[in-house]
Amino acid sequence: MMQASVVLIFSMIVLSNYVYANEKTIEIASNSLQRTEYKYKLLMDNMVNAKTPGYREVSAKDEMTRRGDVESSSYYNYSQGEFIHTSRKFDVAIEGKGFFTVATKEGTLLYTRDGRFTLDSENRLCTYSQNFLVMGELGPIIINEPDNTSITETGKIVKEDFVVDKLKISSFKDLTVLAPANGSFFYVKYDNYSTIDFAEDSKLKIGYIEGPNTNLSRQLSDIAQVQKKYDADSRVIQFRLKSMSSSLEMGKIQ
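Counting the sequence shown from 1 gives a position; the numbering used here is that position plus 85.
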């Protein structure tokens, strides 16, 4: 509904530009309308993922450009989500800093807090969501005897008291180097960026997963505020276009 209104209003703006090429009122209001719609989209992303394990909340921020315009961009909140007890032996949650390191079929490394792990047909440890391979310090983790294998709080993969590998937990000095593949999996934006090994103040919780860090009630409240702002900007544009149309008609009569 919001998107349909935007299309209609901007169609009217385009037509009006033939008459008033530099109509500042409409320019400012339409820019605000675009930013409001962008914020609404991000809020809806949070709403849709309100129960997705490991999801990180996304928000919009307004920034002034060198030209003096205001533009919106997104940023992610990497704070801890709540722990959910599952009792599944290969479910893991990180308490503290860090991300599980996983790999796509093409070999691209991604980073996530979603610790729902399972075994694929080749006994490789992989993510429940997307089937990405869970990486250890020696590469993809293979568990041939799941009944005799466990994961410790330090990330060691132990088979009958023998350590076969260790989960690769990656940390970052600067989290702004991360970009979203989606709200649960992230990649590093720059080539040759070095990650930090397992943070000393972090530990793993076995048989737990980390829930999303988004707050549903706050999202609902923010959506209501965004809708009010959107409606107000729409009224400004519609009123100004009506005034311009009336002025044009008056000019024709004269």
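In this text, a Cβ means the ideal position worked out from N, Cα and C, and glycines have one as well.
For a test of the three-state rule: what should DSSP assign to residue i, helix, strand or coil?
{"i": "K314", "result": "helix"}
{"i": "I242", "result": "strand"}
{"i": "S279", "result": "coil"}
{"i": "V104", "result": "Low local confidence applies: a pLDDT of 44 at V104 is under 50, so the model's placement there is unreliable, with the coordinate-based value given in what follows. It is coil, neither helix nor strand."}
{"i": "A135", "result": "coil"}
{"i": "I322", "result": "helix"}
{"i": "K327", "result": "helix"}
{"i": "S158", "result": "strand"}
{"i": "S144", "result": "strand"}
Mark residue i as exposed unless 16 or more other C-beta atoms lie within 10 angstroms of its C-beta, in which case mark it buried.
{"i": "I281", "result": "exposed"}
{"i": "E142", "result": "buried"}
{"i": "S158", "result": "exposed"}
{"i": "L305", "result": "exposed"}
{"i": "A106", "result": "Residue confidence for A106 is low, a pLDDT of 45 falling below 50, so the modelled location carries little weight; the figure read from the coordinates is stated next. When all chains shown are included, A106 counts as exposed."}
{"i": "R198", "result": "buried"}
{"i": "N229", "result": "exposed"}
{"i": "S319", "result": "buried"}
Can you tell me where the beta strand (DSSP E) holding residue i begins and where it ends?
{"i": "S256", "result": "Per DSSP, S256 belongs to no beta strand (DSSP E) and is neither H nor E."}
{"i": "L289", "result": "288–291"}
{"i": "D232", "result": "No beta strand (DSSP E) contains D232, which DSSP labels as neither H nor E."}
{"i": "G221", "result": "218–221"}
{"i": "D176", "result": "Element bounds for D176: n/a, residue is neither H nor E."}
{"i": "D250", "result": "247–251"}
Out of the options, which one is the CA nearest neighbour of residue i?
{"i": "N277", "options": "S269, V262, K288", "result": "V262"}
{"i": "D29", "options": "S279, L194, I227", "result": "As displayed, the chain neither begins before 86 nor continues past 339, which places residue 29 out of reach and without an answer."}
Is the region 178–193 touching the region 285–300, taking contact as three or more C-beta pairs under 8 angstroms?
Judged by Cβ distances under 8 angstroms, the region 178–193 makes contact with the region 285–300, as three or more pairs qualify.
When the Cβ atoms of the region 243–250 are set against those of the region 219–226, are three or more pairs found closer than 8 angstroms?
Between the region 243–250 and the region 219–226 there are three or more C-beta pairs closer than 8 angstroms, enough to call the two in contact.
Using 8 angstroms as the cut-off, can you tell me whether the region 161–180 makes contact with the region 202–218, which would need three or more C-beta pairs spanning the two stretches below that distance?
The region 161–180 vs the region 202–218: in contact.
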